[in-house]
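If you read the sequences in order, they're chains E and R. Each residue of the first sequence is one higher than the one before, counting from 1 in the working numbering. Each residue of the second sequence is one higher than the one before, counting from 1001 in the working numbering. One structure is given below, encoded as structure tokens.
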Amino acid sequence: MNPHRLFRSVTALAIVVFFIFGFAACGKKDLASVDHKGGSSVALNVAAKPRGPNNPLALAEYKAHPEFYMIKTPADFAAATVGLKWEDGTDLPIFSDPAAKRGGTQYSAIESFPPTLRTVGPDSNSSFRTYLLDDNEVSLVHRHPNAPGYYPGLATAWAIAADKQTIYFKLDPDARWSDGVPVNADDFMFMFYFYRSPYLQAPWYANWYTEEYKSITKFDDHTLAITLREPKPDPVERAGLRAIPEHFYAEFGADFPTRYQWRVEPTTGPYTVARDVDVEKDRAVTLTRISNWWGNGKKFWANRFNPDRVIYQLVRDRDKAFEMFKLGELDTFNLMLPPRYWYDQMNISEVDKGYISKALFYTFQPEAPTGLFINSSKPLLNNRDIRQGIAFASNWDKVIQVVMRGDARRLHPWADSHTPFEHPTLRARSYDVTQALAAFARAGFTTRGPDGILRNAEGKRLSFVLTFGSNAYVDIPPILKEEAAKAGLELLIEKLDATAAFQKGLQKNHEIMLAGWGGGAEFAPRFHEFFIGEDATKPQTNNFTATAIPELDALILRYDRSQDKDEMVQLSHQMIQLIHDDSAYVPGFVQSYIRWGSWRWVKFPEWLNVREAQYAAQYGVHWIDEDAKKVTLAARKDGKNLGRTDRTDTKWKQD
Amino acid sequence: MRLTPQTARQLRRFRQMRRGWWSFLALAALTVLALLGELVANNRALVVRHQGRWHFPTYGAQLPGTTFGLGYSYETDYRELQRTLHAAGGADFVLMPLVPYHPNEIDVPAGAKPTRPPSAAERHYLGTDTIGRDILARLFYGFRVALVVSLSFLAGTYLIGIALGCAMGWFGGWFDLLMQRVIEVWSNLPFLLIVMIISAVLRPTVPVLVTVFIAFSWMGMTYYMRTGAYREKAREYATAAQVLGAGPGRIIFRHILPNLLSTLITFVPFTIAGAIELLTALDFLGFGIPPPTPSWGELLRQGTQNLNAPWIVSSAFGALVLILLLVSFVGEAVREAFDPKKFTHYL
Chain E
1 MNPHRLFRSV TALAIVVFFI FGFAACGKKD LASVDHKGGS SVALNVAAKP RGPNNPLALA
61 EYKAHPEFYM IKTPADFAAA TVGLKWEDGT DLPIFSDPAA KRGGTQYSAI ESFPPTLRTV
121 GPDSNSSFRT YLLDDNEVSL VHRHPNAPGY YPGLATAWAI AADKQTIYFK LDPDARWSDG
181 VPVNADDFMF MFYFYRSPYL QAPWYANWYT EEYKSITKFD DHTLAITLRE PKPDPVERAG
241 LRAIPEHFYA EFGADFPTRY QWRVEPTTGP YTVARDVDVE KDRAVTLTRI SNWWGNGKKF
301 WANRFNPDRV IYQLVRDRDK AFEMFKLGEL DTFNLMLPPR YWYDQMNISE VDKGYISKAL
361 FYTFQPEAPT GLFINSSKPL LNNRDIRQGI AFASNWDKVI QVVMRGDARR LHPWADSHTP
421 FEHPTLRARS YDVTQALAAF ARAGFTTRGP DGILRNAEGK RLSFVLTFGS NAYVDIPPIL
481 KEEAAKAGLE LLIEKLDATA AFQKGLQKNH EIMLAGWGGG AEFAPRFHEF FIGEDATKPQ
541 TNNFTATAIP ELDALILRYD RSQDKDEMVQ LSHQMIQLIH DDSAYVPGFV QSYIRWGSWR
601 WVKFPEWLNV REAQYAAQYG VHWIDEDAKK VTLAARKDGK NLGRTDRTDT KWKQD
Chain R
1001 MRLTPQTARQ LRRFRQMRRG WWSFLALAAL TVLALLGELV ANNRALVVRH QGRWHFPTYG
1061 AQLPGTTFGL GYSYETDYRE LQRTLHAAGG ADFVLMPLVP YHPNEIDVPA GAKPTRPPSA
1121 AERHYLGTDT IGRDILARLF YGFRVALVVS LSFLAGTYLI GIALGCAMGW FGGWFDLLMQ
1181 RVIEVWSNLP FLLIVMIISA VLRPTVPVLV TVFIAFSWMG MTYYMRTGAY REKAREYATA
1241 AQVLGAGPGR IIFRHILPNL LSTLITFVPF TIAGAIELLT ALDFLGFGIP PPTPSWGELL
1301 RQGTQNLNAP WIVSSAFGAL VLILLLVSFV GEAVREAFDP KKFTHYL
């Protein structure tokens, strides 16, 4: 999970843009829109194609940096891998359902139209990238969503060298790009060239692929090795890389962002944009399943990604999308937030009669930090007692009761649910007016003014600005404010546009920020980017709390360098304790589940979903049953009751 | 101040128009009520008699719970105190306002939903919003905010509009030409977008918002005033004043302006209605006054998102319609009463 995915919520700017451009799009009607309503869904059959010549720019780069781009022989490969244990994930369980049927069209909604079809470079980090890349593309290996371990993707087998720094891969000779060109080791060499190139205008990638990786070695077309800059206790995680189709980037150059703005990059995944008419600007994007996809028969890829076509319609207003879902124009709908969808607005006859089913699935995965990030470089907030007082004065239980209807729990101090790195006993401070007052008193705030807000000897009021950007959080600050006032703390609420709020945090201009970071399963929780002292005063860093504690810095550096999992766990517990004592981060709430609504024809496996799912369709385990669709629509016409079909799965539920 | 016979006649005529006059009285009563809001909707008691001592907590400093022997130092929960004192019997009592809730107070008893329908027993007469705040209290204080905003808006735009418009009309020439161009350019700035951008990157408090409103809305009045001043300037009384040696300031404000008053007054109600609508629209879009300030637009937005809780949208919508209707009736009557065609005759 890279930080670019963070803060990817709907922005006010989108609304502004809508006001300028939205109206212009009305009234356009073209071939594709007619086509995708009426026509039957047809998957794409791709014929095999040969690879073209290598990219001359890339070849020059390989020559200039032989220490990074190494070319060796199969004999070297055999020599290097002698005695290494090859892994291929065969002992891991499958998580897709053999009963799944391929075919059908899935209707989905997107809240904003992708500004580009590139998956990298300026503006590429929109939420649509998830469907093109993150949850579609096949990498070398994939983290198994139900069990510890990795399952094969483009690699059929992999082996870790004794130094825990180099990983050897055997590529799957069946692997094809969506245009029929075979995938080989050159695509990985090119990937490093591509991501490290300044032409991308994406400095994060250039930095990451230079700082984290020491070299790539090609032995032949189907064997390669990747060497990390530092040994890691779980090096496979860092080496689970995607390939970049070298043949597609024959025109790669300084004008990359504009030249490739609307070109569809071939993918190793099951879905691609098949035709030009499938991209209707400001209306819809249609993805088509490759019927003879190379992954069809592979153990962990079979019976997944079943619909032949997925149509992502642009519906800017979430409430409108919800109404469309209730009418059957969208097949599934995410019912996470706000809770009114789940609790109040699904009490409809379509649910009672079994046309729509509500599904609740408890997940278990490392939870991303969400809560208050207190800028400890600001006056008063640089006092630890005040920060601890703020923690005691934040009534998250009430937030959970009122905003989440009790369906969330308090987040743990750091690395929540990241076993075994999570601190085993330490829990976030609960709302406690007495303790808050005691903490504020230690900082000199002892007397309440006429408004009930504490003052210190100089008459300074205990008042801070609470900034937030995400529309999903809009109900939270008023509750925190009301409850904090009881502890003599005033919070002034500042609602900014999401991007502006994030920038304010990056610039360290905020006092207290209510924010949630994107998350995802990783081997070990991150400390460096959030708490390293050298980033405390540096703008454009994720150290929103401006934490700079020498003792913590030392631990972070040891943790970063450590190759021993037990030592890392030990260090993690120590760091969590320090972070808790420092109290610049006040943990908020977490919903350890996903819940959604789906029409009866959208079938899910008996086990519903996977442990690490972030949304219902993420792992593509569902399928569309066209027969069930006919039955359901006929029943709806006649008002026939098919029987309620709500589903709940608690097998991963934690207490 | 003595009214000119003409103004007196106009006012008399205004009073004769029943619909407008009653609307005006209703509006005035609501305004007075809103100014005394703390006595009507508040979580502070009106009167507390506790152990023989009288307290009037409505205005002034917070009374901590310890005042009444409760074990906390934050503001007394008077509803709770009322229950305990009532249960204990005796002479002690608490008298709560009609609506015993603060507009920002979150009232969600354990096990209850935050959004609850109107209930006289709970004394949430119009129900609660999505996070359990009393809708009537929020409507009430929202009206006060809207009133403050619209009156400041009125004062600001008219001050600039009149001064500049009259000056343009009186001086004419290059000053007039220049200002016309300035106004044309300024009028073409997309107001709504600018407000949105400002409130997306700033914390838009009421003064900031009003300033922005005024900054982009003063132009309309200038043209009416300019025309009026041009017309009046050519009249003999203006020339006479000039001959007597009066300066432009004196002539504009003492002689010309009173003659433009009837034009001006007819615009007032519509300006107020416009300002309320503007504020509501911006709050509805989420670009208005920051939370948790009570606002009608925010209630309307909540209501349209929660049509399953119809009491939210119907309360906000009803209140908005009522106020705008009253203002329009007043406006209609004022225009009728001050219609120059009725009382003025040109020589």
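Beta carbons: idealized from backbone N, C-alpha and C, even for Gly.
Which partner residues does residue i have in the DSSP bridge list?
i: arginine 1015(R); result: DSSP output for arginine 1015(R) lists no bridge partner at all.
i: histidine 144(E); result: Answer is none; histidine 144(E) lacks a bridge partner.
i: leucine 599(E); result: The identity of residue 599(E) in the sequence shown is tryptophan, whereas the question assumes leucine. Answer is Ile356(E).
i: glycine 152(E); result: Checking the displayed sequence, the identity of residue 152(E) turns out to be proline instead of glycine. In DSSP, proline 152(E) forms a bridge with Val141(E).
i: tryptophan 661(E); result: Since the first residue shown for chain E is 1 and the last is 655, residue 661(E) is missing from the structure and cannot be characterised.
i: proline 182(E); result: Arg176(E)
i: glutamine 106(E); result: Val310(E)
i: isoleucine 532(E); result: DSSP output for isoleucine 532(E) lists no bridge partner at all.
i: aspartate 649(E); result: Phe361(E)
Alpha carbon to alpha carbon, how far is residue i from residue j?
i: isoleucine 160(E); j: arginine 229(E); result: 14 Å
i: arginine 1044(R); j: threonine 130(E); result: 51 Å
i: glutamate 1298(R); j: aspartate 123(E); result: 32 Å
i: threonine 73(E); j: serine 470(E); result: 52 Å
i: glycine 1249(R); j: alanine 1163(R); result: 10 Å
i: phenylalanine 1213(R); j: phenylalanine 1153(R); result: 7 Å
i: glycine 1052(R); j: proline 450(E); result: 24 Å
i: phenylalanine 1287(R); j: alanine 1275(R); result: 15 Å
i: lysine 320(E); j: glutamate 111(E); result: 10 Å
i: isoleucine 1183(R); j: aspartate 1283(R); result: 27 Å
i: arginine 409(E); j: glutamate 212(E); result: 35 Å
i: alanine 250(E); j: phenylalanine 604(E); result: 41 Å
i: glutamate 494(E); j: phenylalanine 468(E); result: 6 Å
i: proline 233(E); j: leucine 241(E); result: 17 Å
i: phenylalanine 18(E); j: phenylalanine 502(E); result: Any reading at phenylalanine 18(E) must be qualified, since the residue scores a pLDDT of 36, below 50, and its modelled position is unreliable; no value is offered.
i: serine 127(E); j: alanine 368(E); result: 18 Å
Comparing the C-beta of residue i with each C-beta of chain R, is any distance below 8 Å?
i: glutamine 654(E); result: no
i: phenylalanine 23(E); result: Caution applies to phenylalanine 23(E), whose pLDDT of 37 falls short of 50 and renders its modelled position unreliable; the model cannot decide the point.
i: glycine 38(E); result: Below a pLDDT of 50, predicted positions are generally treated as unreliable, and glycine 38(E), at 40, falls in that range; the measurement from the model is reported next regardless. Chain R contact via Cβ: absent.
i: isoleucine 594(E); result: no
i: alanine 500(E); result: yes
i: aspartate 319(E); result: yes
i: isoleucine 671(E); result: What is shown of chain E runs 1 to 655, which leaves residue 671(E) out entirely.
i: glycine 180(E); result: no
i: arginine 461(E); result: no
i: phenylalanine 407(E); result: The question names phenylalanine, yet the displayed sequence has aspartate at residue 407(E). For aspartate 407(E), the answer is no, since every Cβ of chain R falls outside 8 Å of its Cβ.
i: glycine 452(E); result: yes
i: glutamine 507(E); result: no
i: lysine 486(E); result: yes
i: glutamate 612(E); result: no
i: glutamine 345(E); result: yes
i: arginine 316(E); result: no
I want to see whether chain E comes within less than 8 Å of residue i, judged by CB atoms only; does it?
i: glutamine 1305(R); result: yes
i: proline 1269(R); result: no
i: serine 1073(R); result: yes
i: threonine 1211(R); result: no
i: asparagine 1188(R); result: no
i: isoleucine 1312(R); result: no
i: glutamate 1122(R); result: no
i: alanine 1316(R); result: no
Going residue by residue through the region 1043-1075 of chain R, where are the continuous beta strand (DSSP E) segments of at least 3 residues, counting only ones entirely within it? For the region 1043-1075 of chain R, whole beta strand (DSSP E) runs of length 3 or above, ordered along the chain, are 1047-1050, 1053-1055.
With a floor of 4 residues, list each alpha helix (DSSP H) that falls wholly inside the region 299-373 of chain E, ordered by position along the chain. The DSSP assignment places 318-327, 339-343, 349-352 as complete runs of the alpha helix (DSSP H) inside the region 299-373 of chain E, in order along the chain (cut-off: 4 residues).
Do three or more CB pairs link the region 81-99 of chain E to the region 286-303 of chain E at distances below 8 Å? The way I'd put it, the region 81-99 of chain E does touch the region 286-303 of chain E; three or more beta-carbon pairs between them come closer than 8 Å.
Complete runs of the alpha helix (DSSP H) confined to the region 1189-1254 of chain R [at least 4 residues]: With a minimum length of 4 residues, the continuous alpha helix (DSSP H) runs that stay inside the region 1189-1254 of chain R are 1191-1201, 1206-1215, 1219-1233, 1236-1243.
The region 1193-1202 of chain R in contact with the region 1126-1140 of chain R per 3-pair CB rule at 8 Å: Touching, no, given that fewer than three Cβ pairs across the two stretches are closer than 8 Å.
Would you check if there are 3 or more beta carbon pairs closer than 8 Å linking the region 424-438 of chain E to the region 471-479 of chain E? Because the criterion of three Cβ pairs below 8 Å is not met, the region 424-438 of chain E and the region 471-479 of chain E do not touch.
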